[in-house]
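Reading through the structure tokens given below for one structure.
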Amino acid sequence: MKKYTILGLESSCDEVAAAIYTTEQGIIASALFSQTEMHKRYGGVVPEIASREHIKKINAITQEALDGARMTVNDIDVIAVTNKPGLPGSLLIGVSFAKALAGSLNKKIIAINHLEGHAFSACIENIIPFPFLCITASGGHTSIYDIQDYGDYTTLGTTLDDAAGEAFDKVAKLLQLGYPGGPIIEKLAAEVGFEDFFKYPRNKNYDLMFSFSGLKTAVLYDAVKRGAYDLQKKELLDTSMELKQKIASSFLVCIADIFVQKVEKALSESDDYKALAFVGGVACNKYIRSRLEDAAKKYGIPFFFPSPRYCTDNAGMIAFVGHYKAQQEKFSDLGFDIL
Ligand code: KG4
Ligand code: ZN
Numbered sequence: 011m012k013k014y015t016i017l018g019l020e021s022s023c024d025e026v027a028a029a030i031y032t033t034e035q036g037i038i039a040s041a042l043f044s045q046t047e048m049h050k051r052y053g054g055v056v057p058e059i060a061s062r063e064h065i066k067k068i069n070a071i072t073q074e075a076l077d078g079a080r081m082t083v084n085d086i087d088v089i090a091v092t093n094k095p096g097l098p099g100s101l102l103i104g105v106s107f108a109k110a111l112a113g114s115l116n117k118k119i120i121a122i123n124h125l126e127g128h129a130f131s132a133c134i135e136n137i138i139p140f141p142f143l144c145i146t147a148s149g150g151h152t153s154i155y156d157i158q159d160y161g162d163y164t165t166l167g168t169t170l171d172d173a174a175g176e177a178f179d180k181v182a183k184l185l186q187l188g189y190p191g192g193p194i195i196e197k198l199a200a201e202v203g204f205e206d207f208f209k210y211p212r213n214k215n216y217d218l219m220f221s222f223s224g225l226k227t228a229v230l231y232d233a234v235k236r237g238a239y240d241l242q243k244k245e246l247l248d249t250s251m252e253l254k255q256k257i258a259s260s261f262l263v264c265i266a267d268i269f270v271q272k273v274e275k276a277l278s279e280s281d282d283y284k285a286l287a288f289v290g291g292v293a294c295n296k297y298i299r300s301r302l303e304d305a306a307k308k309y310g311i312p313f314f315f316p317s318p319r320y321c322t323d324n325a326g327m328i329a330f331v332g333h334y335k336a337q338q339e340k341f342s343d344l345g346f347d348i349l
């Protein structure tokens, strides 16, 4: 194996991050600036704010990662940068910065698909046997992958509309719980024991495709039916904690049921999978993890998930993918685009 020092850069959404990965030691330093606080008041990410903040922060965040590794930019062999998918303005900041560094310092560069970063993020801290099944769920994406080897994967299903994390965020907004919605919904659901009070419909007819926008509407109309929400005024009428807990719990159990159903479908269709992985921001959710772990057990395979810092957007996963691509000599030329 050739020895490389990789600088990973991530700026596809509202996080700007840098990480250093070496062949001998793996991830040795990372730095991240999250804008979650800035977007809170809007209940979601505002693209214009995101890219403007990235411009201000990307240089300092890269320097922080280099300082953490006790390196200068001259010690870097390869720059790995997210070039898709994501918010165009946000992606452009990271890609332009990476190209400027690579071009001026004569370093190699590799364009990385953000989703490949998530898909392999559970491999950063674990040795996962190939082939494995991977479910990615974040604020922007929900997909299920057949992963054969490093960089060799096929999308088995993705979402037809909203992403799972987006559904958490929208339901939380409806319940006036703040942003991001996932952690607070999990907390409220835990308080009432993850019970399925309202039995929202499960989308059983989409094969390995996901659809969450119907569920969001089902939550809304069920609240209207109970006299808890005024559609005209767009206002929650019953703001009791009891109702919020019951909706949060029923919604979370429904999402977990959908994930389990998809995973069991994929596992029942092939005996090849040696493991199951769950990644992305939603993989911070302990309840969904426990349900997916049970599903993996049922099929006699181990279950893996990344630690929280590699679940949500991060540059470690970009540096990790950059490293195996460097080993495979899959470098990009400077002309690559975003998206
Ligand atoms: O991966 P991520 O940081 O950003 C994207 O690439 O989109 O994921 C953020 C998403 C948010 O929608 C947030 O509500 C969700 O992950 N999330 C959770 C939990 N923690 C974060 N969803 C469910 N349960 C959680 N504990
Ligand atoms: Zn992401």
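The numbering of the sequence shown is this note's numbering, which starts it at 11 and goes up by one.
Beta carbons are placed, not taken as given, at the ideal position from N, Cα and C, and that holds for glycine.
_ligand 2 and His128: does any heavy atom of the ligand fall closer than 7 Å to the residue's C-beta?_
On the sequence shown, position 118 is the one that residue 128 refers to. Yes, since a heavy atom of ligand 2 falls inside the 7 Å radius drawn around the Cβ of His128.
*Using a beta-carbon distance below 8 Å, is Arg51 in contact with chain C?*
Of the protein chains in the structure, only one exists, and it is not chain C.
*Going by other Cβ atoms of all chains shown within 10 Å of its Cβ, with 16 needed for buried, is Thr46 buried or exposed?*
To locate residue 46, count along the sequence shown from 1; it is residue 36. Result: exposed.
_Rounded to whole angstroms, what is the Cα-Cα separation between Tyr231 and Gly191?_
For the purposes of this step, residue 231 is identified with residue 221 of the sequence shown, where counting begins at 1. For the purposes of this step, residue 191 is identified with residue 181 of the sequence shown, where counting begins at 1. When the Cα atoms are used, Tyr231 and Gly191 turn out to be separated by approximately 19 Å.
*Near Ile71, what residues of its chain come up, given a Cβ to Cβ distance below 6 Å and the 5 sequence neighbours on each side ignored?*
By one-based count along the sequence shown, residue 71 stands at place 61. Only Val26, Ala28, Ala41, Phe43 meet the Cβ criterion.
*Please go through the segment 87–140 and give each complete beta strand (DSSP E) segment of 3 or more residues, from N-terminal end onward.*
Look at the segment 87–140 and you find these whole runs of beta strand (DSSP E), each 3 residues long or longer: 88–94, 118–123.
*Can you name, in chain order, every residue of its own chain whose Cβ lies under 6 Å from the Cβ of Cys294, other than the five neighbours on each side?*
One-based indexing of the sequence shown puts residue 294 at position 284. Pro318, Cys321.
*With DSSP collapsed to three states, give me the class of Cys321.*
Here residue 321 is taken as the residue at index 311 of the sequence shown, counted from 1. In the three-state DSSP reduction, Cys321 falls in the helix class (H, G or I).
*Could you tell me the distance, in whole angstroms, from the CA atom of Ser131 to the CA atom of Pro316?*
Position 121 of the sequence shown holds residue 131. Position 306 of the sequence shown holds residue 316. When rounded, the distance between both Cα atoms is 6 Å.
_Asp156, enclosing beta strand (DSSP E) - first and last residue_ = Stepping through the sequence shown from its first residue, residue 156 is reached at position 146. Per DSSP, Asp156 belongs to the beta strand (DSSP E) from 152–159.
_Once DSSP output is grouped into helix, strand and coil, what is the label at Asp232?_
One-based indexing of the sequence shown puts residue 232 at position 222. Three-state result, Asp232: helix.
*asked:* Counting C-beta neighbours from all protein chains within 10 Å, is the total for Gln186 16 or more, i.e. buried, or is it exposed?
replied: Looking up residue 186 in the sequence shown gives position 176. Exposed, because fewer than 16 other Cβ atoms sit within 10 Å of the Cβ of Gln186.
*How big is the Cα-Cα spacing for Arg301 and Glu34?*
Mapped onto the sequence shown, residue 301 falls at position 291. Mapped onto the sequence shown, residue 34 falls at position 24. Taken atom to atom, the span from the alpha-carbon of Arg301 to that of Glu34 is near 35 Å.
*The alpha helix (DSSP H) enclosing Leu302, as first and last residue numbers*: Residue 302 sits at position 292 when you count from the first residue of the sequence shown. From DSSP, the alpha helix (DSSP H) with Leu302 extends over 296–308.
*Considering only C-alpha positions, which residue in the set Lys197, Phe222, Thr92 is nearest to Ser153?*
The residue given as residue 153 occupies position 143 in the sequence shown. Scanning Lys197, Phe222, Thr92 for the CA closest to the CA of Ser153 turns up Phe222.
*With DSSP run on the structure shown, which of helix, strand or coil describes Ser40?*
Position 30 of the sequence shown holds residue 40. Ser40 carries a strand assignment under DSSP once its states are collapsed to helix, strand and coil.
_Val26, DSSP secondary structure in three states_ = Residue numbering aside, residue 26 sits at position 16 when the sequence shown is read from its first letter. Secondary structure at Val26: strand, using DSSP grouped into helix, strand and coil.
*Applying the criterion that 16 or more other CB atoms from any shown protein chain within 10 Å of the CB defines a buried residue, is Leu17 buried or exposed?*
In the sequence shown, counting from the first residue as 1, residue 17 sits at position 7. When all chains shown are included, Leu17 counts as buried.
_Residue closest to Phe288, alpha-carbon to alpha-carbon, out of Pro193, Ala90, Leu262, Thr146_ = For the purposes of this step, residue 288 is identified with residue 278 of the sequence shown, where counting begins at 1. When Pro193, Ala90, Leu262, Thr146 are compared, the shortest CA-CA separation from Phe288 is found for Thr146.
*Rounded C-alpha distance that separates Asn69 from Asp87*: Mapped onto the sequence shown, residue 69 falls at position 59. Mapped onto the sequence shown, residue 87 falls at position 77. Rounded to the nearest whole angstrom, the C-alpha separation of Asn69 and Asp87 is 18 Å.
*Should Phe204 and Tyr297 be called a contact, given that it needs their Cβ atoms to be closer than 8 Å?*
Here residue 204 refers to the residue found at position 194 of the sequence shown. Here residue 297 refers to the residue found at position 287 of the sequence shown. Yes, the Cβ-Cβ distance between Phe204 and Tyr297 is below 8 Å.
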